[in-house]
């Protein structure tokens, strides 16, 4: 009984301290904390990425401002190419699909820009019939000054084997009876632009001229023109977008259609003036 009373009684001795929590010092490279090297590397990466972003953003802004200033100062206009004359003295297709031809072609190139000169480092003229090239002529490189018009001429003379199907041969016979041949001329250019003492390039436009050329006794060649599309002139500051311009910018398509409409209107006015003068 005495033992039970001793055990159940109040205890007035010194207080028992609570158990201490174990402390583990985080080692270097462990996930329990940020080591000196880890924090330094993270801060360095953040600083580098932030600096790169600011530099890229600044360069984009400066290029945009420079392009805008260039546009307002230079005001570039699109170059214009005309087929002003053609003389077809021979255009015979033999039974083995060999095309014998002799075509004299006159071209006019107009640079309407006041402050921009053009270096034509390559001026290649290709002749096509039914989608197949039958001749290529390379003209002498030249420089075209401000608001200048250049007269060029070339001759396609020779023979070339063409792979034509029955429909193409039938189309040739039809054109032969009519006295007019649909000949496509493509200009492959390599140009540089000169503004003041600055030269920019190289650009590689391709100009297509769809011609209806009479035979030597068939009639008179009608002057046609094939101007460079406006979007190609706009992209002189961004040559990497040159070929893909119609796909990336819907405005290019609308500008082309507007230019084509104005072109048709000018032809209509010329035709009406010629008829009125004859009357």
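Residue numbers (our numbering): 5 to 283. Built from N, CA and C at the ideal position, the CB exists for glycine as well.
- Per the C-alpha coordinates, the member of 97, 78 and 73 positioned closest to residue 172 is 97.
- In the pairwise beta carbon analysis, the region 177-191 is classified as not touching the region 46-63: fewer than three pairs are separated by under 8 Å.
- For residue 192, the CB contacts under 6 Å within the same chain, skipping 5 residues up- and downstream, are 128 and 210 in chain order.
- Taking C-alpha positions only, residue 115 is separated from residue 145 by approximately 16 Å.
- Per DSSP, residue 175 is one residue of the alpha helix (DSSP H) stretching across 170-182.
- Residue 174 and residue 220 have their C-alpha atoms spaced approximately 21 Å apart.
- Residue 131 places its beta carbon less than 8 Å from that of residue 107.
- The Cβ atoms of residue 194 and residue 208 sit closer than 8 Å to each other.
- In this structure residue 160 is not in contact with residue 136, their Cβ atoms being roughly 13 Å apart against a cut-off of 8 Å.
- Inclusion of residue 163 and residue 92 in the CB contact set at 8 Å is not warranted, their separation being larger than that value.
- Secondary structure of residue 208 (DSSP, three-state): coil.
- In the DSSP annotation of this structure, the continuous segment of the beta strand (DSSP E) that includes residue 92 starts and ends at 84-97.
- For residue 154, the enclosing beta strand (DSSP E) begins and ends at 152-165.
- Here the C-alpha atom of residue 89 lies approximately 40 Å from the C-alpha atom of residue 73.
- DSSP places residue 186 in the strand class (E or B) of the three-state scheme.
- Per DSSP, residue 137 is one residue of the beta strand (DSSP E) stretching across 136-143.
- Residue 157 sits away from residue 83, with the two beta carbons spaced by 8 Å or more.
- DSSP places residue 81 outside both helix and strand once states are collapsed to three, so it counts as coil.
- Of the candidates 203, 177, 85 and 117, 117 places its Cα closest to the Cα of residue 150.
- Counting the other Cβ atoms within 10 Å of the Cβ of residue 134 gives 16 or more, which makes it buried.
- For residue 191, the beta-bridge partners assigned by DSSP are 129 and 211.
- Residue 87 counts as buried, since at least 16 other C-beta atoms from the protein chains shown sit within 10 angstroms of its C-beta.
- Spanning the alpha carbons of residue 204 and residue 123 requires a straight line of approximately 10 Å.
- Between residue 57 and residue 105 the beta-carbon gap is near 60 Å, outside 8 Å, which marks them as no contact.
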